């Protein structure tokens, strides 16, 4: 899934403000995002930074969320790739390679930051709250995985005017990725077919999809 589960951070440069009120505010922002944002539609720009601080990849595309279990992360530049969570499976479709990879959604999202997109408020059960930082107009909230073998170190979510605008993920290899959201629309209808996936003909399928219980 290439860079999807990595996300970066300028947040470390923020000014930490002590006090329970600030931390309570950060927790409230995350909870509101998970419980009150039912749909979300946005453009994104993403930069992958290596351990030496060099930008190694820039990508862009669109993000669509329909809670509690569905999202679509579509890369459009510089390559085209779709990552679709349909509520049962995760489909990763590389259009250039003509290859589809599928995994059961519960297995694929377990202990990953993607739970914050395609999961409900119960997703917070897999994270520890790491504090809140205020930088200019952005409130950064840090979340740390309870599973230390999850492959990432922490997640930082940036809120401007109470709306999620930045996502920052630090992996265990020293890489960081910044995702900046633009033209964010929340709680407006999204065509349900955007979260359906039918394997195209003449493409390679890797993996086995989970099926609904009879």
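Residue numbers (my numbering): 942 to 1155.
Glycine is no exception: its CB is placed at the ideal position from the N, C-alpha and C atoms.
For clarity, every value in this text was computed on a predicted model and none was experimentally measured.
Candidates the options: closest to residue i by CA position
i            : options                : result
residue 1153 : 1023, 1028, 1135       : 1028
residue 1049 : 1033, 1083, 965, 1040  : 1033
residue 963  : 991, 1072, 1047, 973   : 1072
residue 1100 : 1074, 985, 1000        : 1074
residue 1064 : 1035, 1042, 1041, 1088 : 1088
residue 1045 : 1037, 1035, 1031, 1051 : 1031
residue 1076 : 1134, 1102, 1057       : 1102
residue 1093 : 1053, 1047, 1058, 1057 : 1053
Under 8 Å between C-beta atoms of residue i and residue j
i            : j            : result
residue 1021 : residue 1131 : no
residue 983  : residue 1004 : yes
residue 1105 : residue 1122 : yes
residue 1086 : residue 1067 : yes
residue 1111 : residue 1095 : yes
residue 1145 : residue 1039 : yes
residue 1002 : residue 1016 : yes
residue 1114 : residue 992  : yes
residue 1082 : residue 970  : yes
residue 1136 : residue 999  : no
Rounded separation between residue i and residue j - CA only
i            : j            : result
residue 1149 : residue 987  : 29 Å
residue 1138 : residue 1151 : 13 Å
residue 1147 : residue 967  : 40 Å
residue 1107 : residue 1080 : 10 Å
residue 1014 : residue 1055 : 10 Å
residue 1090 : residue 1143 : 37 Å
residue 1097 : residue 1009 : 21 Å
residue 965  : residue 1140 : 45 Å
residue 985  : residue 1024 : 14 Å
residue 1036 : residue 1043 : 14 Å
residue 1051 : residue 1041 : 20 Å
residue 957  : residue 989  : Bear in mind that the predicted position of residue 957 carries a pLDDT of just 45, short of 50, making it unreliable; the figure below should be weighed with that in mind. Using only the alpha carbons, I get a separation of about 25 Å.
residue 1078 : residue 1057 : 22 Å
residue 1134 : residue 1019 : 25 Å
residue 1047 : residue 996  : 32 Å
Opposing strand residues paired with residue i [DSSP bridges]
i            : result
residue 989  : 998, 1118
residue 1005 : 982, 1013
residue 1033 : 1024, 1042
residue 1107 : 1099, 1121
residue 1069 : 1085
residue 1112 : 1093
residue 1146 : 1041
residue 1076 : 1079
Proximity test, Cβ basis, 8 Å: residue i and chain B
i            : result
residue 1123 : Chain labels in this structure do not include chain B; a single protein chain is all it has.
How about the segment 1124-1131 and the segment 966-981: do they share at least three Cβ pairs that are nearer than 8 Å? yes
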